[in-house]
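K.L.:
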Amino acid sequence: MKKVLVINGPSLNLLGIREVDIYGQTTYKDLVKLINKEAKVLNLKTKCVQSNYEGKIIDYIQKAYSKFDGIIINPGAYSHYSYAIRDAIASVNIKTIEVHISDVLNREPFRASLVISDVCSKTIIGKGINGYLEALKEFE
Ligand code: DQA
Numbered sequence: 021m022k023k024v025l026v027i028n029g030p031s032l033n034l035l036g037i038r039e040v041d042i043y044g045q046t047t048y049k050d051l052v053k054l055i056n057k058e059a060k061v062l063n064l065k066t067k068c069v070q071s072n073y074e075g076k077i078i079d080y081i082q083k084a085y086s087k088f089d090g091i092i093i094n095p096g097a098y099s100h101y102s103y104a105i106r107d108a109i110a111s112v113n114i115k116t117i118e119v120h121i122s123d124v125l126n127r128e129p130f131r132a133s134l135v136i137s138d139v140c141s142k143t144i145i146g147k148g149i150n151g152y153l154e155a156l157k158e159f160e
């Protein structure tokens with residue numbers, strides 16, 4: 021059974037509270053439930069983690085080395101400037117899918133710069149929380 025680590029970055033723990041018009045009503049807790057449910061259907065084992073801290077996210081990526089077959093990451097605002105998270109993903113050689121709940125290409129201009137995308141196999145944008153479920157299918 022393939023193991024997939026799902027990493028959510030800053031303020032994604034506030035899903036369901038945070039800017040619901042943009043990110044939707046689903047809470048982080050519900051998102052984790054939905055991911056785990058879909059993983060079962062796809063015969064995958066998932067671990068979901070969230071952190072507001074760049075270093076912690078890098079630690080999660082590094083610790084995934086040789087333990088996980090895949091990573092799904094929504095780096096939150098770090099997506100737009102964290103070369104450190106980008107380099108961590110490039111270091112571990114694990115297939116990584118980037119997810120953005122909102123349509124970052126059609127919001128404030130700073131969100132259109134995605135510095136992690138080039139080390140990810142795929143970037144799923146603007147599909148709401150379904151983006152995470154679509155990302156899981158990449159590891160079927
Ligand atoms: C986000 C988009 C980012 O610009 C923002 O900072 C987030 C969430 C998204 O899922 O749409 O925290 O990654």
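Residue numbers (the working numbering): 21 to 160.
Cβ coordinates follow ideal geometry from the N, Cα and C atoms, glycine included.
#1: Between Pro30 and ligand 1, is there a pair consisting of the residue's CB and a ligand heavy atom that are separated by less than 7 angstroms?
#2: Starting from Glu154, follow the alpha helix (DSSP H) in both directions and report where the run begins and ends.
#3: By the three-class DSSP mapping on this structure, what secondary structure does Val69 have?
#4: Run through DSSP, which three-state label would Leu64 get?
#5: Within the present structure, is the beta-carbon of Ala97 separated from the nearest heavy atom of ligand 1 by less than 7 angstroms?
#6: Give the straight-line distance between the Cα atoms of Lys23 and Asp89, rounded to the nearest whole angstrom.
#7: Can you tell me whether Asn126 sits near ligand 1, meaning its C-beta is under 7 angstroms from at least one heavy atom of the ligand?
#8: Pull up the CB-CB distance for Lys157 and Leu62, whole angstroms please, since I reckon it's below 8 angstroms.
P.N.:
Result, derived from the coordinates:
#1: Start at 1 with the first residue of the sequence shown, and residue 30 comes out as number 10. At least one heavy atom of ligand 1 is nearer than 7 angstroms to the Cβ of Pro30, so yes.
#2: As a working note, residue 154 is residue 134 in the sequence shown. That run of the alpha helix (DSSP H) goes 150-157.
#3: As a position in the sequence shown, residue 69 is number 49, starting the count at 1. Here Val69 sits in strand by DSSP.
#4: As a first step, residue 64 is located in the sequence shown; it is residue number 44 there, counting from the start. Correct three-state label for Leu64: strand.
#5: By 1-based counting over the sequence shown, the position of residue 97 is 77. At least one heavy atom of ligand 1 is nearer than 7 angstroms to the Cβ of Ala97, so yes.
#6: Taking the first residue of the sequence shown as 1, we reach residue 23 at position 3. Taking the first residue of the sequence shown as 1, we reach residue 89 at position 69. Taking the straight line joining both Cα atoms gives about 5 angstroms.
#7: Translated into positions along the sequence shown, residue 126 becomes position 106. Relative to ligand 1, Asn126 has its C-beta separated by 7 angstroms or more from all heavy atoms.
#8: Residue mapping note: residue 157 aligns to position 137 of the sequence shown, counting from 1. Residue mapping note: residue 62 aligns to position 42 of the sequence shown, counting from 1. Confirmed, about 7 angstroms.
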